[in-house]
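In the working numbering, the protein residues as written are 13 to 452. By construction, the Cβ of each residue, glycine as well, lies at the ideal position given by its N, Cα and C atoms. Single-structure report; data block below.
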């Protein structure tokens, strides 16, 4: 145990003292926030450009109130000019496009005859907005033809809100379901990123020591299994420290950003709306924020925290053992490609299963089965836990993960023990099988 502790300390200190680790630990949150701000800024800039669209309506059905102007789209009626002249003006001028509505005998034919001309490919959101306006007006015309009062149709619209309860009487809501989806998705995504980043870090560390022949000196003092386990735990500790620092930095930066931008937003709002409207907006925001906080505290936070730690470490240890074995088997990173895909496939499958099934039906058969399979359970079960999972399901999943981890570590140690001192030969799957069966 003393030797194992020394290896863990060595790996942890080597990782933490690395300049790139220190720089990325403090720079990554800033880069992520900066990238998010840049994307929002570019989207806003892209939407700020006013698109001038002209329309030629020979059907006589559509009027100015149908094509309503917005902040980014302005409509002009060029019906008097005709479509050919309008197309020339659009092509030569600063216009986004020309909409042509021909005269047809039936509304069904008209709906399929409308054309849009533009110099460049138009935005799908703009086209969909125009289609929605046209569909709504054609629907109204058809209802009027049936002798139906449109005003009565609008007045008859009622929005329902279903109140959700479980059989114990505890109230649920769409908001808390959204929070559960968000928490589960973030947890699964973090685990996948953690495994990919620090699992490959273990592999690179083994390859570096093997190619520099330092490994020959190290294995003369410690057993290969101790060395492999020490590397895995040491890198995991460094990774958890980095994630903890990121969490603190995100929290601090989030509080600073919200307070900073909140003042500006209130000033902007107060300049545009009345004091009564501003009070109503503030009250709505406060109620919404309070509701979100209340729903968050209704989640099983303590249970989620401890299970998150278990699956986080269990999934990482399982995959890192395989990454360490690959690093020991090869002489350079190029040779790792043939072995990486079989390891990455279960991770990718877990993410796809999580997004495709857990979000829609967290207690469905597919979600349940994949939350038991050890290679996918760390991600899938983490995504299921916020929705409430029976204790016996969690127990089965945890037991299978622990047993599989023991078997995988044993197999990886066999490969590691032989491969760590093998040079000059590109290993195959047949070679790995021989090393696993080797009992000497």
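Residue 69 sits buried, since 16 or more C-beta atoms from the chains shown fall within 10 Å of its C-beta. A residue is called buried once 16 or more other Cβ atoms fall within 10 Å of its Cβ, and residue 221 is buried on that count. For residue 127, the enclosing beta strand (DSSP E) covers residues 127-129. Rounded to whole angstroms, residue 392 and residue 264 show a C-alpha spacing of 30 Å. Residue 89 sits in a strand when the DSSP states are folded into three classes.
Here the alpha carbon of residue 197 sits roughly 43 Å from the alpha carbon of residue 126. In this structure, the alpha-carbon of residue 218 lies about 24 Å from that of residue 414. Residue 430 places its beta carbon less than 8 Å from that of residue 447. Under the rule that a run must span 3 or more residues, the beta strand (DSSP E) segments found entirely inside the region 94-122 read 109-113. With 16 or more neighbouring CB atoms inside 10 Å of its own CB, residue 439 falls in the buried class. About 4 Å separates the Cβ atoms of residue 66 and residue 90, confirming a contact at the 8 Å cut-off.
When the alpha-carbon of residue 346 is set against those of 98, 216, 199, 129, the nearest one is in 216.
Secondary structure note for residue 65: its beta strand (DSSP E) is the uninterrupted segment 63-69. Under the three-state reduction of DSSP output, residue 418 falls in the helix class. The C-beta distance from residue 113 to residue 71 rounds to 5 Å, short enough to meet the 8 Å contact threshold.
In this model, residue 20 and residue 342 are separated by some 23 Å (Cα to Cα).
According to the DSSP assignment, residue 368 belongs to no alpha helix (DSSP H), since it is labelled neither H nor E. With distances taken between CA atoms, residue 133 lies nearest to 109 out of 109, 147, 324, 363. Just so you know, the alpha carbons of residue 35 and residue 105 end up roughly 51 Å apart. Across the set 213, 137, 149, 355, the C-alpha of 149 shows the shortest separation from the C-alpha of residue 73.
DSSP, reduced to helix, strand and coil, places residue 173 outside both helices and strands of the structure shown, so it counts as coil. Assigned with DSSP and collapsed to three states, residue 29 falls in coil, not helix or strand.
The beta carbons of residue 337 and residue 199 sit no closer together than 8 Å. The residues 162, 165, in chain order, have a CB closer than 8 Å to that of residue 155 in the same chain once the five nearest residues on each side in sequence are set aside.
Counting C-beta atoms within 10 angstroms of its own C-beta, residue 396 has 16 or more neighbours from the protein chains shown and is therefore classed as buried.
The straight-line gap separating the alpha-carbon atoms of residue 86 and residue 124 is approximately 24 Å. Taking C-beta atoms under 8 Å as the contact rule, residue 365 and residue 382 qualify, at a distance of about 5 Å. The three-state secondary structure of residue 429, taken from DSSP, is helix.
In the DSSP annotation of this structure, residue 159 is not part of any alpha helix (DSSP H), being labelled neither H nor E. Per the coordinates, the alpha-carbon of residue 247 lies some 7 Å from the alpha-carbon of residue 27. According to the DSSP assignment, residue 402 belongs to no alpha helix (DSSP H), since it is labelled neither H nor E. Distance from the CA atom of residue 206 to the CA atom of residue 77, rounded to whole angstroms, is 54 Å.
The criterion of a C-beta distance shorter than 8 Å is not satisfied by residue 201 and residue 251. Residue environment analysis places residue 348 among the buried positions, since at least 16 neighbouring C-beta atoms fall within 10 angstroms of its C-beta.
The three-state reading of DSSP puts residue 344 in coil, since its state is none of H, G, I, E or B.
In this structure, residue 238 places its C-beta atom within 8 Å of the C-beta atom of residue 15.
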